[in-house]
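Chemist: One structure, pasted below without further comment.
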């Protein structure tokens, strides 16, 4: 079963050249944060380019449940009438966050310092993911969490009646954890500090500053030290969401491995904390160029042009790059299978606790398609066969994971025999137009 209905098998067949323009959806990370910060501001925040995948729609529903007025005006155009910091009302019903780890963890943080109680659940995948990495820091503010064994959903959070500020050192590189702590810190008096040894995506810091919070980031011997002053009055904003680099990864990588391809993916956010995949692809010898580089809303943006690259070679991806491309390793492993030699990905244990164990999911699927993979708890090595040499011909398990499903469908566009995913349904959580967009470029998909 998929996250939102019966399983829907889908096969990808070898495609002719992929050509044209790929208008991918808005950035998921920024879309989530636009809705949550809009709900914590006083007044109306207007958003254009919002990703309307199920993950973000579930966050919109959560903000309504906490008392904000969230309205869709047209494709990608939304408004949020916020209730102010500390203004969340207690929800009448359980908050269902579907498949979204980002959504549930950020919302838990946002409500943890308000004296209300809320119960959270999600689909089978989300109910299997660990929440201790969020419940441990919010407990320091004074919140309490009551969940299933192992700190899993369904889980009830009792917000702190008298929150205190915290100083928190993140135990692993995680933008979700950092963001949850900062959101909790909004309604705590004094200064809340997050220290991260490795930099993670910084959308929360940029957007909090844009909404009027007093937030300072310093680099010290401890790492990145982010200090937020609590109890601000957040000002509503007008937000144009840039297009999602994690979604852009799929048409870009497919173009690199399908002969004759030339695809333009416009208006992609290139925040340095998100662009590790594109840096890695260029190191492999990909014909990937940035056109029309510019700044929009304080975020670096460019149009990406990707062309078929038959001479790519394997590389070693250093562990310090993982936070900037953690969601892109599945599709990178597909490119690696079509490169010559080994691509070794280091410091990737975070993939074990995503929507699925993404190392295991990709390793088993690639092996079924004729590619040798080695793995440890924290590494993954793909032994590439070269352009056009992957046999394919397998059915790969998506494991309720949108990125696994899309990665194997991209693989099938360049294999000798078709590749099938057992369930394409979860793709709707992050990239609802994936199939239409890819077929418009020249991809060939078949149901069943």
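Numbering (UniProt numbering), first residue to last: 1 to 448. Glycine is no exception: its CB is placed at the ideal position from the N, C-alpha and C atoms.
Less than 6 Å between C-beta atoms, sequence neighbours within five positions excluded: which residues of the same chain meet that for residue 78?
Modeler: As a position in the chain shown, residue 78 is number 78, starting the count at 1. Closer than 6 Å at Cβ, skipping near neighbours: 47, 50 and 72.
Chemist: At what residue ranges does the stretch 16–75 contain a whole run of the alpha helix (DSSP H), taking only runs of 4 or more?
Modeler: The qualifying runs are 28–40 and 54–65.
Chemist: Per DSSP, what kind of secondary structure is residue 433 in: helix, strand or coil?
Modeler: Translated into positions along the chain shown, residue 433 becomes position 433. Note: residue 433 maps to coil in three-state DSSP.
Chemist: Once you ignore the five residues that flank residue 1 on each side, which residues in its own chain have a CB closer than 7 Å to its CB?
Modeler: Numbered from 1 along the chain shown, position 1 holds the residue referred to as residue 1. Low local confidence applies: a pLDDT of 39 at residue 1 is under 50, so the model's placement there is unreliable, with the coordinate-based value given in what follows. Counting only Cβ-Cβ distances below 7 Å, and skipping sequence neighbours, we find 7.
Chemist: Opposite residue 146 in the DSSP bridges: which residues?
Modeler: The residue you call residue 146 lines up with position 146 of the chain shown. Per DSSP, 156.
Chemist: Given residue 402, which residues of its chain have a CB within under 6 Å of its CB, disregarding the five upstream and five downstream residues?
Modeler: For the purposes of this step, residue 402 is identified with residue 402 of the chain shown, where counting begins at 1. Around residue 402: 426, 427, 429 and 430.
Chemist: Can you check the stretch 331–381 for any alpha helix (DSSP H) of at least 4 residues that lies completely inside it and give the ranges in chain order?
Modeler: Listed in chain order, they are 358–368.
Chemist: Assign residue 116 to one of three DSSP states: helix, strand, or coil.
Modeler: Against the chain shown, residue 116 aligns to sequence position 116. Three-state result, residue 116: coil.
Chemist: Taking the beta strand (DSSP E) that residue 288 belongs to, which residues open and close that run?
Modeler: For this step, residue 288 is matched to residue 288 along the chain shown. 287–296 is the extent of the beta strand (DSSP E) around residue 288.
Chemist: Cutting at 6 Å between CB atoms, please list the residues of its own chain near residue 416, excluding the five before and the five after it.
Modeler: Indexing the chain shown from 1 puts residue 416 at position 416. If we look at residue 416 and ignore the five residues flanking it on each side, its Cβ neighbours are 391 and 392.
Chemist: Could you round the C-beta distance between residue 223 and residue 205 to whole angstroms and report it? I think they count as a contact, below 8 Å.
Modeler: If you number the chain shown from 1, residue 223 lands on position 223. If you number the chain shown from 1, residue 205 lands on position 205. Contact doesn't hold; Cβ gap of about 14 Å is too wide.
Chemist: Buried or exposed for residue 169, going by 16 or more other Cβ atoms inside 10 Å?
Modeler: Here residue 169 corresponds to residue number 169 of the chain shown, with the count starting at 1. Its Cβ having fewer than 16 others within 10 Å, residue 169 is exposed.
Chemist: Given a threshold of 16 other Cβ atoms within 10 Å of its Cβ, counted over all protein chains shown, does residue 299 qualify as buried or as exposed?
Modeler: Walking along the chain shown from the start, residue 299 turns up at place 299. So residue 299 counts as buried.
Chemist: Going along the chain, which residues of its own chain have a beta-carbon closer than 6 Å to the beta-carbon of residue 15, five neighbours each way excluded?
Modeler: Start at 1 with the first residue of the chain shown, and residue 15 comes out as number 15. Cβ neighbours of residue 15 beyond the five flanking positions: 258, 413, 442, 443 and 444.
Chemist: Checking 8 Å against the spacing of the C-beta atoms, do residue 119 and residue 202 come in under that value?
Modeler: Within the chain shown, numbered from 1, the residue matching residue 119 stands at position 119. Within the chain shown, numbered from 1, the residue matching residue 202 stands at position 202. No, the pair does not count as a contact, with Cβ atoms beyond the cut-off.
Chemist: Can you tell me whether residue 95 is helix, strand or coil according to DSSP?
Modeler: Position 95 of the chain shown, counted from the start, is the residue given in the question as residue 95. Residue 95: strand per DSSP, three-state reduction.
Chemist: Taking DSSP as the reference, what is the three-state secondary structure of residue 308?
Modeler: Taking the first residue of the chain shown as position 1, residue 308 is located at position 308. Of the three classes helix, strand and coil, the one that applies to residue 308 here is coil, per DSSP.
Chemist: Under a three-way DSSP split, which group does residue 251 fall into?
Modeler: Along the chain shown, read from residue 1 onward, the residue named residue 251 stands at position 251. Three-state result, residue 251: helix.
Chemist: Here's a check: name, in chain order, each residue in its chain whose Cβ is nearer than 6 Å to the Cβ of residue 60, leaving out the five neighbours to either side.
Modeler: Mapped onto the chain shown, residue 60 falls at position 60. Same-chain partners within the cutoff: 35 and 70.
Chemist: In three-state DSSP terms, what is residue 261?
Modeler: In the chain shown, residue 261 corresponds to position 261, counting from 1. Coil, per DSSP.
Chemist: So, using beta-carbon positions, are residue 286 and residue 256 closer together than 8 Å?
Modeler: Here residue 286 corresponds to residue number 286 of the chain shown, with the count starting at 1. Here residue 256 corresponds to residue number 256 of the chain shown, with the count starting at 1. Yes; because the gap between Cβ atoms is below 8 Å, this pair is in contact.
Chemist: Spatial neighbours of residue 126 within its chain, please: CB distance less than 8 Å, with the 5 preceding and 5 following residues excluded, ordered by chain position.
Modeler: For the purposes of this step, residue 126 is identified with residue 126 of the chain shown, where counting begins at 1. Excluding residues within five positions, the ones whose Cβ falls inside 8 Å are 97, 98, 99, 100, 101, 104, 153 and 355.
Chemist: Report yes or no: do three or more beta-carbon pairs, one from the stretch 363–376 and one from the stretch 317–327, lie closer than 8 Å?
Modeler: No, because fewer than three Cβ pairs between the stretch 363–376 and the stretch 317–327 fall closer than 8 Å, the two stretches do not touch.
Chemist: Could you tell me the alpha carbon to alpha carbon distance between residue 314 and residue 135, rounded to whole angstroms?
Modeler: In the chain shown, counting from the first residue as 1, residue 314 sits at position 314. In the chain shown, counting from the first residue as 1, residue 135 sits at position 135. Each residue's alpha carbon lies about 39 Å from the other.
Chemist: From residue 435 to residue 400, what distance separates their C-alpha atoms?
Modeler: The count along the chain shown starts at 1 and reaches residue 435 at position 435. The count along the chain shown starts at 1 and reaches residue 400 at position 400. So the alpha carbons of these two residues sit roughly 17 Å apart.
Chemist: Is the distance from the Cβ of residue 131 to the Cβ of residue 66 below 8 Å?
Modeler: The count along the chain shown starts at 1 and reaches residue 131 at position 131. The count along the chain shown starts at 1 and reaches residue 66 at position 66. No, the Cβ-Cβ distance between residue 131 and residue 66 is not below 8 Å.
Chemist: Taking C-alpha atoms, which residue in 249, 184 and 411 lies nearest to residue 165?
Modeler: The residue given as residue 165 occupies position 165 in the chain shown. Of the listed residues, the one whose Cα sits closest to residue 165 is 184.
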